[in-house]
Every structure is written in structure tokens, then in C-alpha cells.
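Q:
There are 2 protein chains.
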Amino acid sequence: MNPTIKDVAKMANVSIATVSRVLNNLGGYSDKTKQRVNEAIRELGYQPNAIARGLINKRTQTLGVLFPNVSSSFSSDILQGVEDFAHSRNYSVLVCNTDGEEKRTMKYLQLLREKQVDGIIFSSSMLKDEYYETIKSMKIPVVLISSQSNYPAIPYVTINDRLAACDAVEYLINRGHRKIAMIAGTENDVLTGAPRMDGYLRALRKHRIPIDERYLVHGDFRFESGCKALETLLRTAPDITAIFAASDEMAIGVLSAASRHGLKVPDDLSVIGFDGLQLSNMVVPPLTTVSQPLQEMGKIAAETLIRSIETGETAEGIIVSHSIVERQTVRTLT
Amino acid sequence: MNPTIKDVAKMANVSIATVSRVLNNLGGYSDKTKQRVNEAIRELGYQPNAIARGLINKRTQTLGVLFPNVSSSFSSDILQGVEDFAHSRNYSVLVCNTDGEEKRTMKYLQLLREKQVDGIIFSSSMLKDEYYETIKSMKIPVVLISSQSNYPAIPYVTINDRLAACDAVEYLINRGHRKIAMIAGTENDVLTGAPRMDGYLRALRKHRIPIDERYLVHGDFRFESGCKALETLLRTAPDITAIFAASDEMAIGVLSAASRHGLKVPDDLSVIGFDGLQLSNMVVPPLTTVSQPLQEMGKIAAETLIRSIETGETAEGIIVSHSIVERQTVRTLT
DNA sequence: CTGAAAGCGCTTACAG
DNA sequence: CTGAAAGCGCTTACAG
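Respectively, the protein sequence lines represent chains A and B.
Position 205 of the first sequence, counted from 1, bears residue number 205 in the working numbering, the numbering being contiguous throughout.
Position 251 of the second sequence, counted from 1, bears residue number 1251 in the working numbering, the numbering being contiguous throughout.
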């Protein structure tokens, strides 16, 4: 077996209480004692058992993070930010892949409770009532990322999706586009689907551009659906000059389908994406997009959560700023 | 406080031992007792405390997974596979982002020890002696992914990089290419850098194609380095007809740089990548590549690790098969 | 079939 | 400055 505090105590000829004190820098021992203890620790290669500690402290220094899809570029950027900050503050992170399914999410929530995590980060999904109740009963803080809830007391980290979408469309308008299509997200997604669509409509209205419903199609945020959406638009609204896609993946799908149809971007068609994934800079031509600082958002969420854990204060929601990254998929119409 | 086994015992009017028995389905109680206990559990909303359990069972049902970079597409595909399988077997996963740094890796290893994880998955980095010693002293199993070690007893899950690279180059040769450049990985990376380079050289030799050292340049597996590598090749070896890149990201960098130079792929230049990231199917034109089943590899690693944890058997290394995914970046020379 | 008790590896009043 | 003891929430012989 690995050595325990008992072995250290024996070797250093002190009580386990004293060993615990020097381990935790609590003071209340002579320098000589401290040295003897530290020596024993070194000699035995002793490492404290965080499980035993957790049991008594009721703190596990562990965060649970829930994603609908860990392997998406979107989630993993956030995860990176979370993990990095958590680690710097001596917390570990337990990842959970919910597949966006209610049943799986609930199972994970139970699990996180059993494992006594100190806090939860919940990303990119609607916080359903059932989830909320469960988390509430766990009596630990939670922070939402790129999401929101009906419960005002729940802190979140997100961009202003509506404003960001509006900015994207205005960017197009300012470059002379009037026939602007949108590939929106999933039809009844209130999280990011609806606000981004809203932003689109709002920008058009603001500039008194009539809304043509042929110009609005829906995808599911993924690549394939972007390809399909372009096919649809080409059939029903071939006069468009620009497309605003509600995700980079869909925008890249447009690029891909456009190339198959012999359409040149941006000469024949301008495209602006949404998210600012690393991906968006790797495609040809590099994608102009509305970027959200995902890694930073992960960091902020972790920071907020840890503060809340350690102080007991309930945190506020935070809106971080988006930015338009100008690359080469939007042409100015003259 | 959340209810404990004590509260359940009190409410059901039995001892905590009995509650523990029904909780763990150990038998040795009457049906009536079982019902009373279960009712109390339901009524109190009792959930066992995994930390207390872990302390006594010396099992935490937790796996530690170390990646040099969690947010890379490569790592997150693996993570997905690991997480999914682990979850199906009731294990959680703790993610660690080492940045490929020795210091950080060691710190994580300590952490995983303190947190008493049951096993470790170590991905995409060389298992240094120091790491090996630490893990060995933890007395828990470890499985390597896309990596290897000098220690024969350490199981791994990987493709045969040399063979895969050889296949990629032969694919090019079979399509009439003779002037084939390679963008290799980091110069002294023995893990995947060297074997892939080896495969390249071997394929050329096998087909009696003279080796031209201008044709071999190095990148660091990332996108940017692929762009730069093409620049270099264009200067020093403009006569090449095809490029084998040791990673999809670098291959995509080639696509990007090629487009900037007005070079058409595959008309002016053929490109084959390596990894089979989802990314490779999203670019224009879709990238032909040697695919490794990353998610599957994650799954197998988790499976192997858990078997080893639960049976105590030491596992064997596993070579999974790669495959060439034909898309549109390689042209047949006539 | 059931319970009292010891113990997992720690921390923390309490007493000296 | 230091130690004995209780206790965190469980599991598991042992005894009946």
C-alpha cells in the first residue's frame, strides 16, 4: 500500500494530528518537528489521499462540466479554457458528454452528485426544469455557458447572440448587400437559434430591407446541413448575393457546396459565419465570421464558478463581447 | 445536509449495515426489509456518497486522461471515445491538459494519484522515464494511445504509423506520382514523426524511386506549419507533383497556401493527409487522407484499461487498422 | 436475516 | 507546541 499519514507520523515520531498540521501549513509546531515530518514525507514518498480529505472537508476540488458533444470544436475550445483555469486554481474537471439527451444529462447529474463535485458548468444546452431542480437539491453552484435559463439566479457566460447576429448582417449590408439569406439554426432552439434569427431580422428592418421569407432556411448548426441549405437556397432564391450562417460549420458547408456548384466565394456569393472556430481560418478562402471568445468564456465560467464555491456568493450573468473577424469570404458590392 | 445512510437507516428502522446491503444488492435481508429501506431511500432522496465509498473500497470509478492539447480535433475525438465507453461502464473521466510539458505532466500525475484514480490513459506523448516511474509507484494500470514506450509491459492502442505512411505514399505512386514530397512531423518526434517519415522512405525505396532530400521538409503537425512547408517546397523543389503530409492539419495548410499561390489541387498538385479528422471532409476540395479510427481507439483504450483495473490482468498492445479515405485531392498522372 | 463495531485516511476541536 | 479522540459516510467481517 501507499504510505499514509500514519506511516509518516510513526517515522517522524509525532502524532498524525501534527503531520496533518504541517501538511496543511497550519502552524502550531516547532521548526524541528516540521523538519522531521517533512523528511519522513520525502523518505516515504508520501502523498495525501484526496478522497479521505474530501470526505471530511466536504470539498473535492473537482468541477463537473457537461457538454452536448465533447468532441465538437466548439465544446473543446471551451473545455480548454475551463480546464486551464481550474487547474491553475487546483481544481480538476470531470467531463460529461450528454449527447443533448435528457436522460443522459440526468444520469450525469446524479453521478456528479455522488462524486460530490464542488460545482457544475453546463454548456450549450437549455437548462430544463428537471436539471435545475436536481442541481438545486445538490446545493452547489452552477454556471451556464452559451446558454440561459428561466431562473434569474443562475449565472451564465455568453455573448449577446442577437446583437452579434445583427452586427454580422449589418456588416453585409454596409458592403452593399441587400439580398441576404440566413441559414438559421435548429428551428425551435431558443438558446442561440432564435436570437440569431432575431438579429438577422432586426438588421434588415433597421435598414428597411424587405424581408423575403425564401431567404430564411434552417439547418442544425452542422456542416452537412450547411451544404443542404445552400442547395435549397440555390433552388428557391438564386438571386441572393450573401449568406449569413448561424455557425461556422454551416458556413463551411456553404463553401463546400458552392464549390461543387461552380460558384466562387466571394465573387459570386458572400458568406459570413458565426463562432470563430479555428477551423474558420483553415478553409479556402478563409472565412469571415463573428467570433465568440470560447476559450475565454470557459475560463470566465470556471473563474466565476470557483469564486462562487469559495465565497458562497451567487454570481451574476456575464455577457462577453463578440467581434467580427474579417477574412476573405465577403465581397463589397459596387 | 444531504441525507446519509444513517438517515435512511433511522427512517427504515434498520441498521446502516442493512441499508448498505440493499444498496449494494448483497442479499441477506427479507423482502420486507428491502422494501422499507427502498422506500426510505426514495422518500429522503438519498444518494450514496461516492467519496466515502471510494475511501473504503479503494476504487473511485474514475479514469485520468492526459492529452497534450485537449482542444485539438485529434484529442477530442479520442476523448469522446474514452468518455463514452467509460460512462457505459460507470466510470468518470478526469481530463488533464499537459501542454506537452514535462512539469505540467508530472503535476497532473501527482494530482491523479492524490485523487486516487483507478487508471490512466496517456495520449500522444512519449512516456518518459519519470512518468513511468511515477505511474508505476501508483500501482494502477495505464494505457497509451498513439504513443509507445521503452517499457514492453505497457499496453498501447495505436495504428501502425510506418505502414500507414507507406500506404499513403504507395497510393500516390500507384497513381503515377514519382516526385513526391513529404511534410514530416517534428524532427525528433519518435512517436509518430519518425515512423511516418520512415514509411515514406520505405515506399520510395520499394518502388525504386530515388530519394531527393529537397523533397523532405518538417513541420510541427499544425496548420501554420503546413502553409510554411509548402512555401519552402515551392522554392526548393518546384517540380513536385504530390505531397504527403504527416497530419491533416498540415495537409490543409498546404491546400490553403496552394490557393494563395494560384496552384490548383489536385490539378497542379496532389495532396494526401494523415489522421482522418472530421475537418478533412469539410475543406475544398475534400482531402484524401489516411484515416485512423480515433474515437474507436479511445474506446478500445478505455475498454482495455477498465478490464485491467477490474481483473488485474496486464493487457497487450493493440494495433488498429488505418484506411485510406479517397476524396478529391489526388489526381492520377497519365 | 440483522446489528454492533472496526476501519478506510484524513481534519479539527479540545485539552494540556 | 503537541496528542488523544471524535467523526466524515460508507463497507465488511464477525457474531448471533
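Even for Gly, the Cβ is constructed at its ideal location relative to N, Cα and C.
Since the model is a prediction, treat every value here as computed from it, not as a measurement.
Where do the N-terminal and C-terminal ends of the beta strand (DSSP E) with B:F1274 fall, by residue?
A: For B:F1274, the enclosing beta strand (DSSP E) has its first and last residue at 1270-1275.
Q: Give me the Cα-Cα distance between A:L333 and A:P266, rounded to the nearest whole angstrom.
A: Cα to Cα, A:L333 sits roughly 10 Å from A:P266.
Q: Beta carbon of B:K1277, beta carbon of B:I1121: below 8 Å?
A: Note that residue 1277 of chain B is Leu in the sequence shown here, rather than Lys. No. Outside cutoff.
Q: What residues in its chain sit with their C-beta under 6 Å from that of B:R1113, if we drop five residues either side in the sequence?
A: M1138
Q: Measure the CB-CB distance between B:A1301 and B:V1070 and report whether it falls below 8 Å.
A: no
Q: Name the one or two DSSP bridge partners that A:L55 has.
A: According to DSSP, which records beta bridges pairwise, A:L55 is partnered with nothing at all.
Q: Over what stretch of residues does the beta strand (DSSP E) that includes A:L94 continue unbroken?
A: 92-97
Q: Give me the Cα-Cα distance between B:V1095 and B:Q1080, rounded to the nearest whole angstrom.
A: B:V1095 and B:Q1080 have their C-alpha atoms spaced approximately 11 Å apart.
Q: Can you have a look at A:T134 and say buried or exposed, based on whether 16 or more other CB atoms are within 10 angstroms of its CB?
A: buried
Q: For a contact defined as C-beta to C-beta under 7 Å, what are the partners of A:V143 on chain B?
A: Ordered by position in chain B, no residue passes the 7 Å Cβ test against A:V143, which lies about 18 Å from the chain.
Q: Do A:L294 and A:D77 have their C-beta atoms within less than 8 Å of each other?
A: Against a cut-off of 8 Å, the Cβ pair of A:D77 and A:L294 comes out as a contact.
Q: Taking a Cβ distance cut-off of 7 Å, strictly less, list which residues of the segment 1064-1076 of chain B are near chain A, in chain order.
A: V1070, S1071, S1073, S1076
Q: State the Cα-Cα distance for the pair A:N13 and A:N25, rounded to the nearest angstrom.
A: 18 Å
Q: Tell me which residues share the same chain as A:E303 and place their Cβ nearer than 7 Å to its Cβ, disregarding the 5 neighbours each side in the sequence.
A: F85
Q: For the alpha helix (DSSP H) that contains B:L1063, what are its first and last residues?
A: Here B:L1063 belongs to no alpha helix (DSSP H); instead the beta strand (DSSP E) covers 1062-1067.
Q: Please tell me whether A:A52 has its Cβ less than 8 Å away from any Cβ of chain B.
A: It does; some Cβ of chain B falls within 8 Å.
Q: Assess contact between the segment 1249-1259 of chain B and the segment 1191-1208 of chain B, defined as three or more Cβ pairs (one per stretch) separated by less than 8 Å. Is contact present?
A: Touching, no, given that fewer than three Cβ pairs across the two stretches are closer than 8 Å.
Q: For A:F223, which residues in chain B fall below 7 Å Cβ to Cβ?
A: M1282
Q: Name the chain B residues whose beta carbon is nearer than 9 Å to that of A:G45?
A: S1137
Q: Looking at B:G1298: is its Cβ nearer than 8 Å to the Cβ of B:V1082?
A: yes
Q: Compare the C-alpha of B:P1155 against each of B:V1330, B:S1321, B:S1308, B:P1210 and name the closest.
A: B:S1308
Q: Determine the extent of the alpha helix (DSSP H) in which B:T1311 is found, giving its start and end residues.
A: Here the alpha helix (DSSP H) through B:T1311 covers 1294-1311.
Q: For the pair the segment 1018-1035 of chain B and the segment 1059-1068 of chain B, tell me if three or more CB-CB distances fall below 8 Å.
A: no
Q: So, does the CB of B:R1331 fall closer than 8 Å to a CB anywhere in chain A?
A: no
Q: A:S15 CB to nearest chain B CB: under 8 Å?
A: no
Q: Look at the Cβ atom of A:V271, then the Cβ atom of A:I324, and state whether they are nearer than 8 Å.
A: no
Q: Using a Cβ-based criterion (distance less than 7 Å to any ligand heavy atom), does B:P1285 qualify as near the ligand ZN?
A: Here there are no bound small molecules, and the ligand ZN is not part of this structure.
Q: Mind listing the chain A neighbours of B:I1121? Cutoff is C-beta to C-beta under 8 Å, in chain order.
A: Correct list: empty, because the minimum Cβ distance to chain A is about 13 Å.
Q: Kindly indicate which three-state DSSP category A:L253 falls into: helix, strand or coil?
A: Correcting the residue identity first, residue 253 of chain A is Gly in this sequence and not Leu. Here A:G253 sits in helix by DSSP.
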